[in-house]
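A.B. asks: Heads up: the protein sequence lines correspond to chains A and B, in order. Just so you know, the first sequence maps onto residues 4 to 254 in this note's numbering. Just so you know, the second sequence maps onto residues 8 to 458 in this note's numbering. All C-beta atoms in this analysis are idealised placements derived from N, C-alpha and C, irrespective of residue type, glycine included. A quick note: this is a predicted structure, and the numbers were derived from the prediction, not measured. For reference, the structure I am asking about is given below.
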Amino acid sequence: MAELEIRNLHVRTEEREILRGVDLVVRTGELHALLGPNGSGKSTLANTIMGHPSYEVTEGQILFDGKELNELPAHERAKLGLFLAFQYPVAVPGVSVANFLRMAINAQREEPIKVKEFGAQLDHAVKLLDVDRAFVSRHLNDGFSGGEKKRAEILQMAMLQPQIAVLDETDSGLDIDALRTVAEGVAKLHAEQGVGALIITHYQRILDYVKPQYVHILMDGRIVMRGGPELVARLEREGYDPIREEVAANA
Amino acid sequence: MPEAPTPAERKAGSAREATLNHALAGRGTARIALAESRELARSAYERLELPKWRRSGFWTTSLEQLDLDRLQIRTHEPEAKGPALLDGQRSAGVLVQRDGSVVHVELDPELAARGVILCSLEDAAREHSELFERYYLRRLLVDRHKLEAASAAFWSGGAFLYVPPGLHVPEPFQIVYEISQGGTAQYAHTLAIGDRGSDLRLRQYGLAEGIESESLHAGQFELYLEDGARCRLAQLVDWGTGAVHDVSTSIVEVARDGWCHWLPALLGGALIHHHDEIAIAGPGGDMAFRGLFFADRDQHLDVFAVDLHETGPSGGDVHWRGAATGESRASFEGLIQINAGAQQSHTYLQFHSMLLSAEAELDAIPSVLVGADDVSASHGGTVGELDEALIFYMQTRGFTRPQAVRVIVEGFFEPLIVQLDDPPLEQLIRDRIGVKLAAASAEIERYALAR
């Protein structure tokens, strides 16, 4: 049981302050959705949680099981059990999916994984996520379609078995079939491995397949509204504008 | 000590002009007796100055500082055991030359019974004179520069391989040139022949470790593939971090319907100047010419790779990759040359580079000379640096920064390495690249942070 806590997080890039006091707690086994319009700071939050060097934390804390991560490099965060599924996964030329997965698993542990154990784990993940076995021989993300890239992200998540995963707009750029496959993959991993997930999205449609227990709305660098699945339904009906007006009226 | 040419012998202004590389393009010194070719080379050696190749002021490879008089040709007694490097590997045959002597030769007796010859080139000149004289220097010159002349005049030991018609040999023949101590001049010569319809694998190594004082490897390599012969040729050159200078020429001839997959891997040496040329000499000849280099520290590397088509139809596919770190200088010049009448030749040259430090320099000079009108010849390439987005991506998967860099650089070379279709050699090249990367990790890091 792990807990990711974000406490009064302020983040800036070279140009400007993007997050202005975010509070959020995600525990193993919980499904959270973070929704927000373009430019609200969603990707900044995802990248900052993982320790991207371009984002500077000016105030507040990121805690994992009570331990502050602010200064911890990304690979140490991965070892603690954090995972980020990228909005735009990067190609790794010359490295097959299977080889990448094996090296990534080994990077996170003392003893290298046994060939047999790795093979069994990969077979299982491939079946669970309904991925073509030939897929793992291809070079990671190199020449992949948008759907294949996102599927490769979820496959990595399945193999690395994080405690808590942040999914940064995993649904963007996918057609409905690809979206369903990816979303169902996340739901299966949640059911099977009990991963805690923070699903960051601009659209609501991924939430037709992964049902979040907690829903947060991010606007202008702050979480302005929290609720349950009913909040997703409201957004779907009304869009962001009424929420923005309501927040302004209450401010 | 030979004297510099008099002004009358030198063309006016020649020292200031760029020396553009030229393909050998079939020029050779064949069908003269060994003694005669040595004499020809010796007189060129006496006449010529140490070479300096320059190109329009932005690139110079100079051996003018080399003190040839201080270098020795060292000899050694034969040894029963082969090199540790090859332990546990299956080979069709092994030949090892240490400094100036062939110290070890072994050949699978079954192959010997079927007519395969593997022996020192000295022995071949005596015992297989007909073959020797038919092929020796068929496509090599002995007088383009002083070190080529020295190699042709003074080589000792040497390697000779002959695979008879129709014979398929799946295990590799392995030829090793070692430099064992500083102050050595190693003049090397390999002559290999795949006769009609034969199929072979040949690996040649140039190896040294910890050579602190100036040394020289001046080598000539020639491989002739007769009609329908096929060969996978790999050359691994790693003279280590010491002071070995390597000035060598390699030529591969592919006859009618022959095929060659050739990969030189240039990984270490203070100064490397290689002219590597593949000639498609018969219709239906085809080849894949791959190459990779990793220049580091203050290494100087100058490669001239030639894809020559003398007849058509013919195919070619040239693909080189190079990385440079430290204060190294690397230049890759790739030439496609299609002779008049070589109709229906189709070839492509690509070169990809990766720069890993601010002080390193890497140049790519592709050129195409076409004398026929029904052909396709083109070139392409990329210039790259380490991608920070990719490094962060990998860090989020648990890779430390040095681990990520290693995987990225290995991945950069991997498309070529995997094509070797030779797992022990593939792993050897990966490991040696890994060692170089580990040694350079601090400067790669500095470069990344400075950007």
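Would you say the beta carbon of residue 125 of chain B comes nearer than 7 Å to a heavy atom of the ligand GDP?
C.D. replies: Absent from the structure shown: the ligand GDP. Ligands present: none.
A.B. asks: Under a three-way DSSP split, which group does residue 256 of chain B fall into?
C.D. replies: The residue you call residue 256 of chain B lines up with position 249 of the second sequence. It is a strand residue.
A.B. asks: Measuring only between beta-carbons, confirm whether residue 97 of chain A sits less than 8 Å from chain B.
C.D. replies: Looking up residue 97 of chain A in the first sequence gives position 94. It does: the Cβ of residue 97 of chain A has a partner Cβ on chain B nearer than 8 Å.
A.B. asks: With DSSP run on the structure shown, which of helix, strand or coil describes residue 368 of chain B?
C.D. replies: Translated into the one-based positions of the second sequence, residue 368 of chain B becomes position 361. In this structure, residue 368 of chain B counts as strand in the three-state DSSP scheme.
A.B. asks: Below 8 Å, can you find three or more Cβ-Cβ pairs linking the segment 123-141 of chain B to the segment 99-106 of chain B?
C.D. replies: Output reads yes: the segment 99-106 of chain B touches the segment 123-141 of chain B.
A.B. asks: Please list, in chain order, all residues of the same chain as residue 292 of chain B whose beta carbon is under 6 Å from its beta carbon, the five residues on each side excluded.
C.D. replies: Counting from 1 along the second sequence, the entry for residue 292 of chain B is found at position 285. Closer than 6 Å at Cβ, skipping near neighbours: 261, 265 and 321.
A.B. asks: Identify every residue that forms a DSSP beta bridge with residue 166 of chain B.
C.D. replies: As a first step, residue 166 of chain B is located in the second sequence; it is residue number 159 there, counting from the start. In the DSSP output, where bridge partners are listed per residue, residue 166 of chain B has B:127 and B:197.
A.B. asks: Any contact of the segment 160-170 of chain B with the segment 190-210 of chain B, i.e. 3+ C-beta pairs under 8 Å?
C.D. replies: yes
A.B. asks: Per DSSP, what are the beta-bridge partners of residue 225 of chain A in this structure?
C.D. replies: Residue mapping note: residue 225 of chain A aligns to position 222 of the first sequence, counting from 1. Answer by DSSP bridge pairing, in chain order: A:222.
A.B. asks: Provide the residue span of the beta strand (DSSP E) that contains residue 9 of chain A, from first to last.
C.D. replies: Walking along the first sequence from the start, residue 9 of chain A turns up at place 6. Membership of residue 9 of chain A in the beta strand (DSSP E) is indicated by the continuous run 6-15.
A.B. asks: Starting from the C-beta of residue 135 of chain A, find all residues in its chain whose C-beta is less than 7 Å away, skip the five residues before and the five after it, and write them out in chain order.
C.D. replies: Position 132 of the first sequence, counted from the start, is the residue given in the question as residue 135 of chain A. So the list is empty, once near-sequence residues are dropped.
A.B. asks: By the criterion of Cβ-Cβ separation under 8 Å, what are the contact partners of residue 400 of chain B in chain A?
C.D. replies: The residue labelled residue 400 of chain B in the question sits at position 393 within the second sequence. Chain A residues near residue 400 of chain B: 89, 92, 93 and 95.
A.B. asks: Could you please give me the residues that DSSP links to residue 64 of chain A through a beta bridge?
C.D. replies: The residue you call residue 64 of chain A lines up with position 61 of the first sequence. BP columns for residue 64 of chain A point to A:10.
A.B. asks: Residue 131 of chain A: which of A:172, A:110, A:200 and A:158 sits nearest, CA to CA?
C.D. replies: Residue 131 of chain A sits at position 128 when you count from the first residue of the first sequence. It is A:158 whose Cα lies nearest to the Cα of residue 131 of chain A.
A.B. asks: Mapping DSSP to helix, strand and coil, what is residue 434 of chain B?
C.D. replies: Numbered from its first residue, the second sequence carries residue 434 of chain B at position 427. Secondary structure at residue 434 of chain B: helix, using DSSP grouped into helix, strand and coil.
A.B. asks: Consult DSSP for residue 29 of chain B and reduce its assignment to one of helix, strand or coil.
C.D. replies: Walking along the second sequence from the start, residue 29 of chain B turns up at place 22. If DSSP states are grouped into helix, strand and coil, residue 29 of chain B belongs with coil.
A.B. asks: Is there a Cβ of chain A sitting closer than 8 Å to that of residue 404 of chain B, yes or no?
C.D. replies: Walking along the second sequence from the start, residue 404 of chain B turns up at place 397. For residue 404 of chain B, the closest Cβ of chain A is nearer than 8 Å.
A.B. asks: Would residue 271 of chain B be called buried (16 or more neighbouring beta carbons within 10 Å of its own) or exposed?
C.D. replies: For the purposes of this step, residue 271 of chain B is taken as residue 264 along the second sequence, with counting starting at 1. Counting Cβ neighbours within 10 Å, residue 271 of chain B comes out buried, since at least 16 surround it.
A.B. asks: Assuming residue 170 of chain B and residue 201 of chain B are in contact, meaning their beta carbons sit under 8 Å apart, how far apart are those beta carbons, in whole angstroms?
C.D. replies: The residue you call residue 170 of chain B lines up with position 163 of the second sequence. The residue you call residue 201 of chain B lines up with position 194 of the second sequence. Contact flag correct, Cβ pair sits at about 5 Å.
A.B. asks: Grouping DSSP H, G and I as helix and E and B as strand, with all else coil, what is residue 447 of chain B?
C.D. replies: On the second sequence, position 440 is the one that residue 447 of chain B refers to. The answer is helix: DSSP assigns residue 447 of chain B an H, G or I state.
A.B. asks: For residue 159 of chain B, collect the residues of the same chain with a Cβ closer than 6 Å to its Cβ; drop the 5 residues on either side in sequence, then sort them by chain order.
C.D. replies: Sequence index remark: in the second sequence, residue 159 of chain B carries index 152 (1-based). Contacts found: 48 and 149.
A.B. asks: Between the segment 426-438 of chain B and the segment 343-356 of chain B, are three or more C-beta pairs nearer than 8 Å?
C.D. replies: Short answer: they don't touch.
A.B. asks: Only counting runs of 3 or more residues, tell me where the beta strand (DSSP E) segments fall wholly within the segment 272-354 of chain B, in order along the chain.
C.D. replies: Runs of the beta strand (DSSP E) inside the segment 272-354 of chain B: 278-287, 293-302, 307-316, 321-331 and 336-345.
A.B. asks: Listing by chain order, which chain A residues have their CB less than 7 Å from the CB of residue 418 of chain B?
C.D. replies: By one-based count along the second sequence, residue 418 of chain B stands at place 411. Under the 7 Å cutoff, chain A gives 95, 96, 97 and 98.
A.B. asks: How would you call residue 173 of chain B, buried or exposed, if buried means at least 16 neighbouring beta carbons within 10 angstroms?
C.D. replies: For this step, residue 173 of chain B is matched to residue 166 along the second sequence. Answer is exposed; the Cβ neighbour count stays below 16.
A.B. asks: Just the C-alpha distance for residue 176 of chain A and residue 333 of chain B, rounded to the nearest angstrom, thanks.
C.D. replies: Counted from its first residue, the first sequence places residue 176 of chain A at position 173. Counted from its first residue, the second sequence places residue 333 of chain B at position 326. Each residue's CA atom was taken as its position, placing residue 176 of chain A and residue 333 of chain B some 41 Å apart.
A.B. asks: On the DSSP letters alone, give me the boundaries of the beta strand (DSSP E) that residue 96 of chain B sits inside.
C.D. replies: As a working mapping, residue 96 of chain B is identified with position 89 in the second sequence. Element bounds for residue 96 of chain B: n/a, residue is neither H nor E.
A.B. asks: Nearest CA to the CA of residue 243 of chain B: which residue from B:182, B:237 and B:192?
C.D. replies: One-based indexing of the second sequence puts residue 243 of chain B at position 236. Answer by Cα proximity: B:182.
A.B. asks: Leaving out the 5 sequence neighbours to the left and right, which residues in its chain are closer than 8 Å to residue 111 of chain A when beta-carbon positions are compared?
C.D. replies: Numbered from 1 along the first sequence, position 108 holds the residue referred to as residue 111 of chain A. Here the set comprises 81, 82 and 163.
A.B. asks: Residue range of the beta strand (DSSP E) that residue 383 of chain B falls in?
C.D. replies: As a first step, residue 383 of chain B must be located in the second sequence, where it is residue number 376. Taken as a continuous stretch (DSSP letters only), the beta strand (DSSP E) holding residue 383 of chain B covers 383-392.
A.B. asks: Which residues in chain B sit within 8 Å of residue 110 of chain A, going by Cβ to Cβ distance?
C.D. replies: Taking the first residue of the first sequence as 1, we reach residue 110 of chain A at position 107. Result: 404, 405, 406, 407 and 410.
A.B. asks: Once you ignore the five residues that flank residue 275 of chain B on each side, which residues in its own chain have a CB closer than 6 Å to its CB?
C.D. replies: Taking the first residue of the second sequence as 1, we reach residue 275 of chain B at position 268. So the list reads 245, 246 and 247, once near-sequence residues are dropped.
A.B. asks: Would residue 100 of chain A pass as a contact of residue 414 of chain B if the rule is Cβ separation under 8 Å?
C.D. replies: Looking up residue 100 of chain A in the first sequence gives position 97. Looking up residue 414 of chain B in the second sequence gives position 407. Cβ atoms of residue 100 of chain A and residue 414 of chain B: not closer than 8 Å.
A.B. asks: Less than 6 Å between C-beta atoms, sequence neighbours within five positions excluded: which residues of the same chain meet that for residue 12 of chain A?
C.D. replies: Locating residue 12 of chain A in the first sequence gives position 9, counting from the first residue. Result list for residue 12 of chain A: 22, 25 and 63, in chain order.
A.B. asks: Roughly how many whole angstroms lie between the Cα atoms of residue 370 of chain B and residue 324 of chain B?
C.D. replies: If you number the second sequence from 1, residue 370 of chain B lands on position 363. If you number the second sequence from 1, residue 324 of chain B lands on position 317. Distance from the CA atom of residue 370 of chain B to the CA atom of residue 324 of chain B, rounded to whole angstroms, is 20 Å.
A.B. asks: Among B:44, B:32, B:382 and B:58, whose alpha-carbon lies nearest the alpha-carbon of residue 278 of chain B?
C.D. replies: Here residue 278 of chain B refers to the residue found at position 271 when the second sequence is read from its first residue. For the residues B:44, B:32, B:382 and B:58, the minimum Cα distance to residue 278 of chain B belongs to B:58.
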